[in-house]
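*Asks:* Supplied in C-alpha coordinates, the structure appears directly below.
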Amino acid sequence: MNLTQSGSDVSGTYNAENFTGNVSGTATSTRLAGSFTFNSQTVAGAPCNGSFSASGSTGNTAMTWTSPAVSATCTGALVNLMIAVQRRTSSSF
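When we follow my numbering, the leftmost residue of the sequence shown carries the number 8, and every step to the right adds one.
Okay, structure coming up:
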(Lines of atoms letter the chains of each structure in order from A; the text may use other names.)
(Lines give C-alpha, C1' and ligand atoms only; values in the text may rest on other atoms or scores of the structure.)
Protein backbone atom coordinates (compact mmCIF):
# COMPACT_ATOMS: atom_id res chain seq x y z
CA MET A 8 0.00 0.00 0.00
CA ASN A 9 1.34 3.39 -0.98
CA LEU A 10 -0.38 6.38 0.60
CA THR A 11 0.34 10.08 0.37
CA GLN A 12 -1.01 12.73 2.68
CA SER A 13 -1.66 16.42 2.03
CA GLY A 14 -3.01 18.10 5.13
CA SER A 15 -5.63 15.68 6.39
CA ASP A 16 -6.39 14.21 2.92
CA VAL A 17 -4.97 10.76 2.18
CA SER A 18 -4.94 8.96 -1.16
CA GLY A 19 -3.12 6.07 -2.74
CA THR A 20 -3.15 2.57 -4.16
CA TYR A 21 -2.67 -0.94 -2.87
CA ASN A 22 -1.88 -4.40 -4.20
CA ALA A 23 -2.58 -7.61 -2.34
CA GLU A 24 -2.82 -11.21 -3.40
CA ASN A 25 -5.38 -11.18 -6.25
CA PHE A 26 -6.49 -7.61 -5.39
CA THR A 27 -5.64 -4.10 -6.55
CA GLY A 28 -7.37 -0.92 -5.53
CA ASN A 29 -7.47 2.72 -4.53
CA VAL A 30 -7.73 4.47 -1.18
CA SER A 31 -9.01 7.92 -0.31
CA GLY A 32 -9.86 9.44 3.02
CA THR A 33 -8.75 11.60 5.90
CA ALA A 34 -6.13 11.06 8.57
CA THR A 35 -4.88 12.69 11.71
CA SER A 36 -1.85 11.75 13.78
CA THR A 37 -3.99 9.12 15.54
CA ARG A 38 -6.79 7.98 13.19
CA LEU A 39 -7.60 7.11 9.55
CA ALA A 40 -11.07 7.01 7.99
CA GLY A 41 -11.15 6.06 4.34
CA SER A 42 -12.86 4.50 1.36
CA PHE A 43 -11.25 1.59 -0.45
CA THR A 44 -12.11 0.29 -3.92
CA PHE A 45 -10.90 -3.03 -5.28
CA ASN A 46 -10.59 -5.00 -8.50
CA SER A 47 -10.25 -8.76 -8.28
CA GLN A 48 -11.41 -12.09 -9.66
CA THR A 49 -13.37 -14.90 -8.09
CA VAL A 50 -11.85 -18.37 -7.83
CA ALA A 51 -13.75 -19.22 -11.03
CA GLY A 52 -12.14 -16.24 -12.80
CA ALA A 53 -15.15 -13.91 -12.93
CA PRO A 54 -14.50 -10.19 -12.29
CA CYS A 55 -15.25 -8.99 -8.78
CA ASN A 56 -15.11 -5.28 -8.04
CA GLY A 57 -16.29 -3.36 -5.04
CA SER A 58 -15.70 -0.95 -2.22
CA PHE A 59 -15.62 -0.67 1.54
CA SER A 60 -15.05 1.94 4.21
CA ALA A 61 -12.43 1.33 6.87
CA SER A 62 -11.09 3.18 9.89
CA GLY A 63 -8.57 2.72 12.65
CA SER A 64 -5.45 3.98 14.36
CA THR A 65 -2.46 5.63 12.69
CA GLY A 66 -0.24 6.44 15.67
CA ASN A 67 1.99 3.35 15.75
CA THR A 68 4.29 1.54 13.34
CA ALA A 69 1.84 -1.39 13.16
CA MET A 70 -1.77 -0.38 12.56
CA THR A 71 -5.09 -2.17 12.15
CA TRP A 72 -8.00 -0.77 10.20
CA THR A 73 -11.42 -2.44 10.19
CA SER A 74 -14.51 -2.47 7.97
CA PRO A 75 -17.88 -3.96 8.92
CA ALA A 76 -18.86 -4.95 5.36
CA VAL A 77 -17.79 -5.00 1.72
CA SER A 78 -20.00 -4.08 -1.23
CA ALA A 79 -19.08 -6.14 -4.32
CA THR A 80 -20.27 -7.18 -7.77
CA CYS A 81 -19.80 -10.86 -6.87
CA THR A 82 -21.35 -13.07 -4.22
CA GLY A 83 -19.66 -14.00 -0.97
CA ALA A 84 -18.30 -10.55 -0.09
CA LEU A 85 -16.40 -10.37 3.16
CA VAL A 86 -17.73 -8.95 6.42
CA ASN A 87 -15.74 -7.73 9.41
CA LEU A 88 -12.67 -7.09 7.25
CA MET A 89 -9.38 -6.31 9.05
CA ILE A 90 -6.44 -4.64 7.32
CA ALA A 91 -3.08 -4.88 9.08
CA VAL A 92 -0.48 -2.39 7.84
CA GLN A 93 3.00 -1.40 8.87
CA ARG A 94 4.48 2.05 8.41
CA ARG A 95 7.70 2.00 6.38
CA THR A 96 8.73 5.64 6.69
CA SER A 97 8.52 8.14 9.51
CA SER A 98 7.10 10.81 7.17
CA SER A 99 3.74 9.00 6.87
CA PHE A 100 0.80 10.24 8.92
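Positions of the beta carbon are idealized from the N, C-alpha and C atoms, including for glycine.
G63 and L88: beta carbons closer than 8 Å?
*Replies:* Not closer than 8 Å, so no.
*Asks:* Answer with buried or exposed for T65, where buried requires no fewer than 16 other C-beta atoms within 10 angstroms of its C-beta.
*Replies:* Its Cβ being crowded by 16 or more others within 10 Å, T65 is buried.
*Asks:* What whole-angstrom Cβ distance do S58 and S42 have, given they're in contact under 8 Å?
*Replies:* With 8 Å as the limit, S58 and S42 qualify as a contact, their Cβ atoms being about 6 Å apart.
*Asks:* Can you tell me whether A34 is buried or exposed? The criterion is at least 16 other CB atoms within 10 Å of its CB, across all chains shown.
*Replies:* Classification of A34: buried, given that the 10 Å Cβ count is 16 or more.
*Asks:* I need the boundaries of the beta strand (DSSP E) containing T82, first residue and last residue.
*Replies:* Where T82 is concerned, there is no enclosing beta strand (DSSP E), given that its DSSP letter is neither H nor E.
*Asks:* How many Å lie between N29 and Y21 at the Cα?
*Replies:* Rounded to the nearest angstrom, the two C-alpha atoms are 6 Å apart.
*Asks:* Identify, in the order they occur along the chain, each residue of the same chain with its Cβ nearer than 8 Å to the Cβ of A84, setting aside the five sequence neighbours on each side.
*Replies:* Here the set comprises G57, A76, V77, S78.
*Asks:* Please list the terminal residues of the continuous beta strand (DSSP E) segment that includes A76.
*Replies:* Run containing A76: 69 to 76, per the beta strand (DSSP E) assignment.
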